[in-house]
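> My structure is below; once you've seen it, I'll send some questions.
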Amino acid sequence: MKDLNIVPLQHGDDSEPLIFIHALTGTILPYKHLIECLSCTRSIYGIEAVGLDGNMLPFEHVGSIAAHYADAIQERFSNNRLILIGWSFGGLVAAELAALLMPKMQLRLALLDVQRLNNERKNRLLSKDEILLEFAYTLLGNVDRAAHSNLNNLASLPEKRKFSFVLDMLLTTKRTSSPELLQNMYRVFCAHLHAHDRYIPIPISNVKALFIKAQRQPFDNQDASLGWSNIFSSKLEIVTAPGDHYSLLNQHALTTAKYLNTWIDKIDS
Numbered sequence: 000m001k002d003l004n005i006v007p008l009q010h011g012d013d014s015e016p017l018i019f020i021h022a023l024t025g026t027i028l029p030y031k032h033l034i035e036c037l038s039c040t041r042s043i044y045g046i047e048a049v050g051l052d053g054n055m056l057p058f059e060h061v062g063s064i065a066a067h068y069a070d071a072i073q074e075r076f077s078n079n080r081l082i083l084i085g086w087s088f089g090g091l092v093a094a095e096l097a098a099l100l101m102p103k104m105q106l107r108l109a110l111l112d113v114q115r116l117n118n119e120r121k122n123r124l125l126s127k128d129e130i131l132l133e134f135a136y137t138l139l140g141n142v143d144r145a146a147h148s149n150l151n152n153l154a155s156l157p158e159k160r161k162f163s164f165v166l167d168m169l170l171t172t173k174r175t176s177s178p179e180l181l182q183n184m185y186r187v188f189c190a191h192l193h194a195h196d197r198y199i200p201i202p203i204s205n206v207k208a209l210f211i212k213a214q215r216q217p218f219d220n221q222d223a224s225l226g227w228s229n230i231f232s233s234k235l236e237i238v239t240a241p242g243d244h245y246s247l248l249n250q251h252a253l254t255t256a257k258y259l260n261t262w263i264d265k266i267d268s
């Protein structure tokens with residue numbers, strides 16, 4: 000099997016397991032509360048990113064990530080139907096996987112507030128400081144950022160001190176992390192951020208899909224699917240969940256899980 004970290008999260012019915020695809024940082028930690036809220040008897044797995052363990056360089060193209068994962072998924076779940084679930088960057092990888100795997104496997108796809116195709120969201124040319132701040136804020140999620148106002152001092156620090164400054168702050172806040180893991184996560188984050196902004200979707204045919212959009216959006220857009228309905232050949236089911244991009248999986252995880260449960264039950268009926 001290809002070098003891929005498929006993490007068992009819940010043992011259950013393995014005939015159509017749920018597979019959660021990692022976020023920008025390469026981990027499946029953002030899904031923790033959501034998975035706890037699911038009323039699901041299926042097996043649940045998570046896929047962590049190549050490069051997270053420091054043994055390989057992370058990929059810098061969504062297509063390369065998906066192609067690598069597709070081979071391993073076919074080998075591991077050769078006789079299964081699948082439900083792929085991806086939030087944020089994980090949704091890009093999940094969508095690409097669906098396009099690659101659908102001719103060979105039966106699968107369903109759930110995208111959770113994946114904003115990349117929103118025409119109002121323009122790609123940004125980020126400086127090194129901005130990438131480091133983006134990494135810190137991504138890990139902090141929707142924690143009150145005023146409590147971490149010292150991040151505003153990053154620009155005034157000597158260049159050699161900046162990463163250790165952010166690392167120390169994250170180690171204090173994210174007490175389950177280690178310096179080595181955070182360093183690997185940052186390397187993966189930078190590669191995935193590059194992949195995110197270069198992503199060009201490919202058409203997805205004959206896949207039943209759900210799009211859960213957060214109610215509070217950073218950009219105006221009249222398209223409830225944030226651009227994704229144009230990618231699917233069949234109708235994309237769209238629901239709006241309370242909260243923003245981060246609270247969708249945390250404070251409002253119970254509601255998001257309810258929408259997922261309803262959709263999965265509908266598939267089964």
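With numbering that gives the first Met the number 0, the residue at position 203 of the sequence shown is 202, and numbering never jumps.
All residues carry an ideal CB built from backbone N, CA and C; glycine is no exception.
Here the structure is a predicted model, which means the values were calculated and not measured.
Can you tell me where the beta strand (DSSP E) with Val-6 in it begins and where it stops?
4-9
> Give the DSSP-derived three-state secondary structure of Ala-252 in the structure shown.
helix
> Say the cut is 6 Å; is the CB of Thr-172 nearer than that to a heavy atom of the ligand GDP?
Absence of the ligand GDP is noted for the structure shown, with no ligands found whatsoever.
> Excluding sequence positions up to five away, which residues of its chain have a Cβ less than 7 Å from the Cβ of Pro-29?
Ala-22, Trp-86, Leu-248
> Can you check which of these residues, Ser-126, Lys-103, Ala-48, Leu-33, is closest to Leu-259 by C-alpha distance?
Leu-33
> Could you check the C-alpha separation between Glu-133 and Arg-41 for me, to the nearest Å?
Roughly 35 Å between the two C-alpha positions.
> Quick one: what does DSSP say Ala-25 is sitting in, helix, strand or coil?
Reading the sequence as shown, one finds Gly at residue 25 and not Ala. It is coil, neither helix nor strand.
> Looking only at its chain, what residues have a beta carbon closer than 7 Å to the beta carbon of Phe-231, apart from the 5 residues adjacent to it on each side?
Ile-203, Val-206, Ala-208
> Tell me whether Leu-56 is buried or exposed, calling it buried when 16 or more other Cβ atoms sit within 10 Å of its Cβ.
Leu-56 comes out exposed.
> My assumption, with CB atoms under 8 Å, is that Lys-161 sits in contact with Leu-131. Please give the rounded CB distance.
6 Å
> Looking only at C-alpha atoms, which of Glu-15, Asp-70, Ala-223 sits nearest to Lys-212?
Comparing C-alpha distances from Lys-212 to each of Glu-15, Asp-70, Ala-223 shows the shortest one belongs to Ala-223.
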